[in-house]
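Have a look at the structure below, then the notes.
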């Protein structure tokens with residue numbers, strides 16, 4: 001039921017009709033309708049395509065997490081948990097590209113949210 005609800009919610013947030021989503025996924029309107037009414041579940045490739053269209057993780061679609069996509073860029077003003085937090089390795093000095101550092105920071109934020117851990121103030 002979570003998948004059906006989240007699919008409908010994401011589609012509506014993007015102001016897409018069921019027909020629009022069916023066209024984007026190259027499937028029938030009735031398939032989308034059945035997904036949203038929890039009558040049918042998409043195959044793996046369609047599930048990946050849905051996640052890509054709405055820029056969310058498959059785990060979010062399946063209800064395994066409430067974090068839509070932990071690879072989203074950190075909004076300006078948020079803490080850089082890797083470089084500012086105590087106890088974390090200094091990833092800046094091991095030759096990783098900036099994008100890798102951002103992904104590590106985003107993943108740390110995801111884990112903190114998952115376990116309801118407050119960040120350093």
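Residue numbers (our numbering): 1 to 121. All residues carry an ideal CB built from backbone N, CA and C; glycine is no exception.
Check your understanding: residue 46 by DSSP, collapsed to three states: which one?
Key -> helix
**Study point:** Option in 23, 69, 115, 116 with minimal Cα separation from residue 103
**Key:** 69
Point to revise | C-beta contact flag for residue 7 and residue 61 at 8 Å | key: yes
Check your understanding: Are residue 113 and residue 56 close, meaning C-beta to C-beta below 8 Å?
Key -> no
Practice item. Give the secondary structure of residue 55 by DSSP, where H, G and I count as helix, E and B as strand, and everything else as coil. Key: coil
Review point. Alpha carbon to alpha carbon, what distance is there between residue 38 and residue 15?
Key: 21 Å
**Study point:** Rounded separation between residue 18 and residue 53 - CA only
**Key:** 13 Å
Point to revise | CB of residue 51 within 8 Å of CB of residue 25, strictly | key: no
Review point. Is residue 105 helix, strand or coil when you go by DSSP?
Key: helix
Review point. Which stretch, first to last residue, makes up the alpha helix (DSSP H) that contains residue 32?
Key: 29 to 36
Check your understanding: Does DSSP put residue 6 in a helix, a strand or coil?
Key -> helix
Check your understanding: Straight-line CA distance for residue 46 to residue 59?
Key -> 14 Å
Exercise for review: Please work out which residues of its chain come closer than 8 Å, Cβ to Cβ, to residue 34, disregarding the five sequence neighbours upstream and downstream, and give them in chain order.
Suggested key: 40
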